[in-house]
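Participant: Before I ask anything, let me first share the structure, which is written out below as structure tokens.
In my numbering, the protein residues as written are 20 to 322.
The structure is reproduced here in structure tokens:
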């Protein structure tokens, strides 16, 4: 298991150094960059671009990253002198593997690390019970017309009480004269009582939770086909049809630790990498060929 986790963590570390971390210079012909005492030739960048199927810019940044980590490896292992590009890449890889091993050596995942990942992935790991619904809402833009809007919502409710399915509910609702109000009828993704949407909905662009009054009313319905009383929210007056109740999903603590351990180790290694890369970038001069266009032309048709 240890080697697998090392490689998971190592994969998370493979991101190029930001271009903003270096300065542009006019370097001698045949060179794309210089990192400290390490010269990076355009031929090395070409090979990286071809083998790893990267753009010329990303290939150059990958080579710069390797050179920076080679500097770090030299400092840790007391290496001396300049190294060839293949040795530079091996030294960088060795240092990243060392960071991954150090992430493992920090011990099992801590509670805070697990909590953070559960919070990010709550739909899969700690999903509350929720309700999938269809609703019709009379939108209220003028508070002085709130009473008329509620009356219209009551008429809509009377019209949809015998609806047999969501589509029938929508058709019946939209057949009622709107009396100058904007009326919207639609099917909605499942929502928890606190307003969180418990399934990803590609049609919904907003990440904001649903209005809590609506969410609580939706979750108070018990059986598919139940229809709510007229419910007031900040948007207007709703009538809600329950399509389906979704049970809570909660992964037990021990299983969480088993599932999330690789990601914890990966994030530890990635954080160590970012810190080290920042330190190396600050103390190691990085110069890049001023003409990125010229470099692109030298590499030719590389993707």
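Backbone N, C-alpha and C define an ideal beta-carbon position, used for all residues, glycine too.
Specify the secondary structure class of residue 262 as computed by DSSP and reduced to three states.
Facilitator: In this structure, residue 262 counts as strand in the three-state DSSP scheme.
Participant: Write down the C-beta distance between residue 249 and residue 198 rounded to the nearest angstrom, noting that I regard them as a contact closer than 8 Å.
Facilitator: Between residue 198 and residue 249 the Cβ distance is about 15 Å, and since that is not below 8 Å, they are no contact.
Participant: Alpha carbon to alpha carbon, how far is residue 150 from residue 237? Give it in angstroms, no decimals.
Facilitator: Each residue's Cα considered, the two are about 6 Å apart.
Participant: Look at the alpha carbon of residue 90 and the alpha carbon of residue 208, and state the distance between them as a whole number of angstroms.
Facilitator: Roughly 52 Å separates the two Cα atoms.
Participant: Would you report the Cα separation of residue 92 and residue 114, rounded to the nearest angstrom?
Facilitator: Going from the Cα of residue 92 to the Cα of residue 114 covers about 6 Å.
Participant: How far does the beta strand (DSSP E) with residue 204 in it extend, from its first residue to its last?
Facilitator: Taken as a continuous stretch (DSSP letters only), the beta strand (DSSP E) holding residue 204 covers 201–206.
Participant: Going by other Cβ atoms of all chains shown within 10 Å of its Cβ, with 16 needed for buried, is residue 255 buried or exposed?
Facilitator: Per the 10 Å Cβ criterion, buried.
Participant: Report yes or no: do the region 120–135 and the region 273–291 share at least 3 C-beta pairs separated by less than 8 Å?
Facilitator: Because the criterion of three Cβ pairs below 8 Å is met, the region 120–135 and the region 273–291 touch.
Participant: Bridge partners of residue 269, per DSSP?
Facilitator: Bridge partners of residue 269: 145.
Participant: Using the rule of at least 16 other Cβ atoms within 10 Å of the residue's Cβ for burial, across every protein chain shown, is residue 196 buried or exposed?
Facilitator: Flag for residue 196 reads exposed.
Participant: In whole angstroms, what separates the C-alpha of residue 101 from that of residue 290?
Facilitator: Low confidence applies to residue 101: its pLDDT is 45, below 50, so where it sits in the model is not reliable, and the reading given next is rough at best. If you take the alpha carbons of residue 101 and residue 290, they lie about 28 Å apart.
Participant: Which residues in the same chain have their Cβ closer than 7 Å to the Cβ of residue 49, if we skip the five residues on either side of it in sequence?
Facilitator: Answer for residue 49: 60, 61, listed in chain order.
Participant: Alpha carbon to alpha carbon, how far is residue 266 from residue 118?
Facilitator: Looking at the two C-alpha atoms, the distance is approximately 41 Å.
Participant: Would you give the residue range spanned by the alpha helix (DSSP H) that residue 134 belongs to?
Facilitator: Residue 134 -> alpha helix (DSSP H) spans 130–139.
Participant: Considering just the uninterrupted stretch of the alpha helix (DSSP H) at residue 233, what are its terminal residues?
Facilitator: Where residue 233 is concerned, the enclosing alpha helix (DSSP H) stretches over 231–239.
Participant: With DSSP collapsed to three states, give me the class of residue 159.
Facilitator: Correct three-state label for residue 159: coil.
Participant: How many angstroms separate the CA atom of residue 167 from the CA atom of residue 148?
Facilitator: Spanning the two alpha carbons is a distance of roughly 34 Å.
Participant: Which residue marks the beginning of the alpha helix (DSSP H) containing residue 246, and which one marks its end?
Facilitator: Residue 246 -> no alpha helix (DSSP H), and no H or E assigned at all.
Participant: My output table needs one value for residue 52: the three-state DSSP class, helix, strand or coil.
Facilitator: Of the three classes helix, strand and coil, the one that applies to residue 52 here is strand, per DSSP.
Participant: Taking one C-beta from the region 241–248 and one from the region 169–184 each time, how about it: are there three or more such pairs within less than 8 Å?
Facilitator: The region 241–248 vs the region 169–184: in contact.
Participant: Can you tell me whether DSSP reads residue 45 as helix, strand or coil?
Facilitator: In this structure, residue 45 counts as coil in the three-state DSSP scheme.
Participant: How is the beta strand (DSSP E) around residue 57 delimited, first residue to last?
Facilitator: Element bounds for residue 57: 57–60.
Participant: In angstroms, rounded to a whole number, what distance separates the CA positions of residue 77 and residue 71?
Facilitator: Straight-line Cα distance between these residues: approximately 10 Å.
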